[in-house]
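Sequences listed follow chains A and B, in order. Per my numbering: the first sequence = residues 92 to 453. Per my numbering: the second sequence = residues 18 to 327.
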Amino acid sequence: MTRFSRFFLGVISAAALAACGAPAASAPTSAPAATSAVTAAPAETTAPAAEATAPAASGEPFKVAIVMPSSTTDLAWSQSMYDALVAVQQEMGGESAMQISVSENMFNVTDAAAALRDYASAGNDLVIAHGTQYGTSLFDLAKEFPETSFAWGTATDTGADKGLANIFAYNAKAEEGGYVNGVLAASLSKAGKIGVIGPVEAGDAKTYIDGFEKGVKDTKPDATVAKIYTGGFGDTAKAAEAATTQIAAGADVLTGSAQQVVGAIGVAKDKGIPWFGTQSDQSSLAPSLVVATQVYDWKAVVKDMIAKIHAGTLGGTAYNLELKDGGLKIVYNSGFTLPAEAKAAADKAIAGLTDGSIKPLP
Amino acid sequence: MADFFTWTTLLGILHSTVRLATPYLYAAVGETFAQRSGVVNLGVEGMMLMGAFAGFYVVFTTGSPLAGVLAAALVGALMGALMALVSVTFRAEQGISGIGLHLVGLGLSSMLFKLLLGTVQGVDGLPELRLPLLADIPAIGPVLFQHSILVYMAFLLVPIAAWVLDRTTWGLNIRAVGDNPQAADAAGVPVLLIRYATVTLGGALAGVGGASLSISALNIFQENMTGGIGFIAVALVYFGGWRPYGVLLGVLLFSLVNSIQLWMQVSGVGIASDLAVMMPYVLTIVALAFSTRRLGQPSALTKPFTRGSA
């Protein structure tokens, strides 16, 4: 009986791992393990750098792999990049022209590093590490796979000073959209109390919130911005409680960032509080209360990276999403009626940010 | 800092505490039953996630919050029965099988979410129920008596659980099975059956606790949305000395500190957000370290039962 119980336990654990692994490593087109057999990695590493364009020339699909901390449907950070990849794929002519492999929910950096290595050795042309936390692993890999192109964000370091030539870095100037949202929020708030639900004080979440606060202060100097950080990115329940607290404390306009905000938007919807979003369009969650969202559009970045790789340049560029070049967009929700003067103030802010006369950071 | 000690803040803290306590209460009271009978169920978190998903999906498809609560209880009970099968019948190590069950719940709920919903969507969950008269009490009335039915049920659960454990024959049997299963068995108490019942009940309550998030507090489902509540609930059972009222005290203390840190951040009290977020967890650890009295701990906790072997 004891032997049987051990066996049963083994089965349960295996089932657990299988069930757990299934959604995390769902690669729609090509699993890393399968493709590694097809592409002979050692042969490629001995080839000169100029031959990096060979796969495209021979008509094989361009292969992109991405490791992301949350899911492709998080309505925030991860989805913004996934949507861009899919859009570029469609432009290039579908799966026959470009293959996308995705590893989702890789919040654990150790797992992410393993996935990145698998993708690199599987012969992907571009391996994207969609999170600042993956940086260390990425720099090690880039050294080991000099023929593979890597990209990571949000980051500005391409590793050029470490002698690496195959890393792209991308960053979003989240403070710009944050500023515009802040201007709008200040115009909408009657109480002069605005609530922010942040994840942790770092990365584009911090710059977004800093920009937002500056936008509010520049519009209504006596308005207060109360901030709650939840300490994580995906804890929906905590974000919801933070939103409830903000509303109870008198906030009549809310914003927030990271994939946790779906919880906060639910509360905003229940209480009829206008919401400002960032990263991906969040209008679908509260069609009558999401006012505007700063949307990250990585399409131009992805296209430029692919073009450079085709031309034989595997890295070295640091990209910045800005309002100026359309990488950042303020998407208004048609379901919310925005007062004309608020819209005018926002347009003025966008113009000022574009020509540089407004500095979005304090 | 000056405006921290205001009525708005104090009532707000009270309100948040009640709301925050709800999922912990279901999970911890359910776990109390399982542990009093001698089974530590570390799979609570996974059961909450499955309950949260089942409840949400049923409301999403049928529009009936009541059916959602029932579905959550049912799915939680099934997970609990599975835990009982592994740890009671097959006598697998309880800690390991609990973690296995947690991973099953986490993976399965995420996978079903992907397959059936695809993206985060909202539903109309349980409405807020304003208790007549009580809710008219100035100041604290709306804070305490204007919640969804699941919130009231969570707090009602505590005296019910205490009564069942201390005053009924079934409760006596549960305690006997948890303290001395050999003697209970000799006295004709069905040890395995009792353990199946408590672990299954614990699962059902965990499921409802998950649903209290997905169809009452938040009205959405997202992968891994419980974010550790189930594990904290297990710790709170130890903290509460395996007694429902003790557990209630632990849950309230944890939720109170949690809501205080939320309000401190809102009021602009000069404290680093990372420190504020840590507060409730640090408190739990400190409290656990100081509650060294193990008087209430069931003697047979974590020990599988085999007839005839002492």
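Glycine residues also receive a C-beta, built at the ideal position from the N, C-alpha and C atoms.
- For E62 (chain B), the nearest beta carbon of chain A is not closer than 8 Å to its own beta carbon.
- Unbroken beta strand (DSSP E) stretches of 3 residues or longer found wholly inside the stretch 174-231 of chain A: 189-194 and 217-220, given in chain order.
- Contact of K362 (chain A) with chain B is not assigned, every C-beta pair being separated by 8 Å or more.
- Counting along the chain, the unbroken alpha helix (DSSP H) around R36 (chain B) starts and ends at W24 to R53.
- Taking V75 (chain B) as the centre and dropping the five residues before and after it, the same chain places the C-beta of A84, G85 and A88 closer than 6 Å to its C-beta, in chain order.
- In the DSSP secondary-structure assignment, H164 (chain B) is bridged to B:L146.
- With a contact defined as Cβ atoms closer than 8 Å, S229 (chain B) and T49 (chain B) miss out at about 17 Å.
- For the pair V294 (chain B) and Y320 (chain A), the CB atoms are nearer than the 8 Å cut-off.
- Taking 8 Å as the cut-off, the beta carbon of T369 (chain A) is found closer than this to the beta carbon of G269 (chain A).
- Beyond the five residues adjoining it in sequence on each side, F236 (chain A) comes within less than 7 Å, by CB distance, of A211 in the same chain, given in chain order.
- Of all residues in the stretch 173-185 of chain A, none places a beta-carbon less than 9 Å from a beta-carbon of chain B.
- Fewer than three pairs of CB atoms, one per stretch, sit closer than 8 Å, so the stretch 246-265 of chain B makes no contact with the stretch 344-360 of chain A.
- One finds G244 in chain B with Cβ atoms closer than 7 Å to the Cβ of D326 (chain A), taken in chain order.
- Contact between Y41 (chain B) and F271 (chain B) is confirmed by a C-beta separation of about 7 Å, below the 8 Å threshold.
- In this structure, A:A220 is the residue among A:E332, A:G185, A:V316 and A:A220 with its C-alpha nearest to the C-alpha of N199 (chain A).
- The residue from B:S54, B:L28, B:F322 and B:E62 with its alpha-carbon nearest to that of G313 (chain B) is B:S54.
- Taking a Cβ-Cβ threshold of 9 Å, the residues of chain B close to E332 (chain A) are S33, R36, L37, A234, N275, S276 and L279, in chain order.
- Within its own chain, the residues whose Cβ lies closer than 6 Å to the Cβ of S374 (chain A), once the five positions on either side in sequence are excluded, are V381 and N424, listed in chain order.
- The DSSP-derived three-state label of W187 (chain B) is helix.
- With a cutoff of 8 Å on beta-carbon distance, G220 (chain B) and G97 (chain B) are scored as near each other.
- Distances from the alpha-carbon of L376 (chain A) to those of A:A167, A:A156 and A:V155 put A:A167 closest.
- Under the three-pair Cβ rule at 8 Å, the stretch 271-286 of chain B does not count as touching the stretch 99-114 of chain B.
- Only those residues of the stretch 338-357 of chain A whose C-beta falls short of 9 Å from the nearest C-beta of chain B are listed: A339, A340, G341, A342, Q350, Q351, V353, G354, I356 and G357.
- By the Cβ neighbour-count rule, S448 (chain A) is exposed, with fewer than 16 other Cβ atoms within 10 Å of its own.
- Shown here, F241 (chain A) sits in a strand according to DSSP, grouped into three states.
- Less than 8 Å divides the Cβ of T245 (chain A) from the Cβ of Y261 (chain A).
- Between the beta-carbon of T336 (chain A) and that of L279 (chain B) there is about 4 Å, and that keeps the pair under the 8 Å contact cut.
- Among the residues of the stretch 277-308 of chain A, those with a Cβ less than 9 Å away from any Cβ of chain B are G286, G289, V291 and E292, in the order of the chain.
- Shown in chain order are the members of the stretch 113-136 of chain B whose Cβ falls below 7 Å from a Cβ of chain A: I113, S114, G117, L120, V121, L123, G124, L125, S127, M128, K131, G135 and T136.
- Three or more Cβ pairs closer than 8 Å define a contact, and the stretch 21-28 of chain B falls short of that threshold against the stretch 189-199 of chain B.
- Contact residues of the stretch 203-222 of chain A toward chain B are absent (C-beta to C-beta distance below 9 Å).
- Closest by C-alpha distance to Q111 (chain B), out of B:L59, B:L133 and B:L132, is B:L59.
- Remark: three or more beta-carbon pairs, one from each stretch, lie closer than 8 Å, so the stretch 155-171 of chain A and the stretch 342-350 of chain A are flagged as touching.
- Using a Cβ-Cβ distance cut-off of 8 Å, the stretch 274-294 of chain A and the stretch 320-330 of chain A are in contact, since at least three pairs of beta carbons, one from each stretch, lie closer than that value.
- Take L255 (chain A), set aside five residues on each side of it, and the residues of its chain with a beta-carbon closer than 6 Å to its own are A233, in chain order.
- By alpha-carbon distance to G227 (chain B), the top candidate from B:S114, B:T217, B:G68 and B:G244 is B:G68.
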